[in-house]
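Structure record follows, encoded as structure tokens.
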Amino acid sequence: MLRDYLSDEERDRAAVLLTEKLLGHQWFYGSEIFLGFVSYGSEINTREILLEALKAGKRVYVPKVIPGKEYPEMCFYRITGMEELEEGYRGIPEPSGRSERYVYAEAMSGSTLMLMPGVAFDVRRNRIGYGKGFYDRFLEDKPGLQLRTIAVGYHCQMVEELPAEDRDIKPCQVICV
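Numbering-wise, the numbering used here puts 64 at position 37 of the sequence shown, and it's gapless, one number per residue.
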């Protein structure tokens with residue numbers, strides 16, 4: 028992946044730019060519930076965004092992968108601080124699963140914002156994740172939440188066109204810095 032070859036300076040600058048863009052975004056400003064993700068490996072750093080959401084008094088939830096019979100399931104659990112995270116699925120920092128679990132409510136979808144990671148994005152808002160379909164399965168029965176999703180990444184992750192399938196759920200916006 029091209030993002031693996033970014034310098035520390037490029038990564039830091041991108042994290043600052045993304046944080047500024049999101050904190051100034053009307054969806055972030057107007058959200059009460061924030062479904063973020065904890066960056067891992069060479070993903071764009073989301074730590075400051077999560078900390079700012081907590082500081083702003085938003086109810087912040089991050090994903091935890093729960094083993095399942097057929098497929099593992101991604102659920103979101105509330106955090107009140109980064110120290111609550113522990114090593115989870117594939118070494119990714121996750122909440123313990125003992126806190127409040129996010130439950131979708133159509134009435135709250137207008138005040139909920141979800142960030143999505145990815146490997147690559149295109150100009151038509153197609154997104155390639157990590158191949159497990161976690162976000163597609165999570166969003167498939169949540170039409171209101173689908174309207175408040177932003178995929179985020181580095182500029183080098185944006186390409187002209189990606190293959191897409193009918194079951195893929197596009198983020199509403201893509202921000203690559």
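Backbone N, C-alpha and C fix where the C-beta goes; we use that ideal spot for every residue, glycine too.
> Is the segment 162 to 175 touching the segment 105 to 124 in the sense that three or more CB pairs, one from each, lie closer than 8 Å?
Replying inline: Contact fails: fewer than three Cβ-Cβ distances are below 8 Å.
> Can you list the beta strand (DSSP E) stretches of 3 or more residues lying completely in the segment 135 to 199, in chain order?
Replying inline: Whole beta strand (DSSP E) segments, 3+ residues: 139 to 143, 147 to 149, 176 to 180.
> Helix, strand or coil: which one does DSSP assign to Ile-76?
Replying inline: In the three-state reduction of the DSSP assignment, Ile-76 falls in the helix class.
> Which residues in the same chain as Leu-81 place their Cβ atom closer than 8 Å to its Cβ, once the five residues preceding and following it in sequence are excluded?
Replying inline: Val-87, Ile-106, Thr-107, Gly-108.
>> If you measure between the beta carbons of Val-204 and Leu-44, is that distance less than 7 Å?
In response: Leu-44 sits close to Val-204, with the two beta carbons spaced by under 7 Å.
>> Between which two residues does the beta strand (DSSP E) holding Arg-105 run?
In response: Element bounds for Arg-105: 100 to 106.
>> Can you check which of these residues, Met-135, Met-141, Tyr-116, is closest to Tyr-67 by C-alpha distance?
In response: Minimum Cα distance to Tyr-67 is reached at Tyr-116.
>> Within 10 Å of its beta-carbon, does Val-130 have 16 or more other beta-carbons around it, so buried, or fewer, so exposed?
In response: Result: exposed.
> Between which two residues does the beta strand (DSSP E) carrying Phe-61 extend?
Replying inline: For Phe-61, the enclosing beta strand (DSSP E) begins and ends at 60 to 62.
> Sorted by chain position, which residues of the same chain lie with C-beta nearer than 7 Å to Met-141's C-beta, five sequence neighbours on each side aside?
Replying inline: Hits under 7 Å: Leu-62, Leu-172, Arg-175, Thr-176.
>> Do Asn-153 and Arg-112 count as a contact pair if the criterion is CB distance below 7 Å?
In response: For the sequence presented, residue 112 should be read as Leu rather than Arg. Leu-112 is not a Cβ neighbour of Asn-153, given a cutoff of 7 Å.
> What three-state label does DSSP hand Arg-30 in the structure shown?
Replying inline: Correct three-state label for Arg-30: helix.
> Is the CB-CB distance between Val-65 and Val-89 below 7 Å?
Replying inline: In contact: Val-65 and Val-89 (Cβ atoms closer than 7 Å).
>> I need the straight-line Cα distance from Gly-156 to Phe-148, nearest angstrom please.
In response: Gly-156 and Phe-148: Cα-Cα distance of roughly 9 Å.
>> Check this for me: beta carbons of Thr-46 and Glu-70, under 7 Å apart or not?
In response: Their beta carbons are not under 7 Å apart, which means Thr-46 does not touch Glu-70 by this criterion.
>> On the CB-based measure, 16 or more other CB atoms within 10 Å of its CB, does Tyr-104 come out buried or exposed?
In response: A buried status is given to Tyr-104, since no fewer than 16 other beta-carbon atoms sit within 10 Å of its beta-carbon.
>> I'd like to check one pair, Gly-137 with Ala-178: are the Cβ atoms closer than 7 Å?
In response: No, the Cβ-Cβ distance between Ala-178 and Gly-137 is not below 7 Å.
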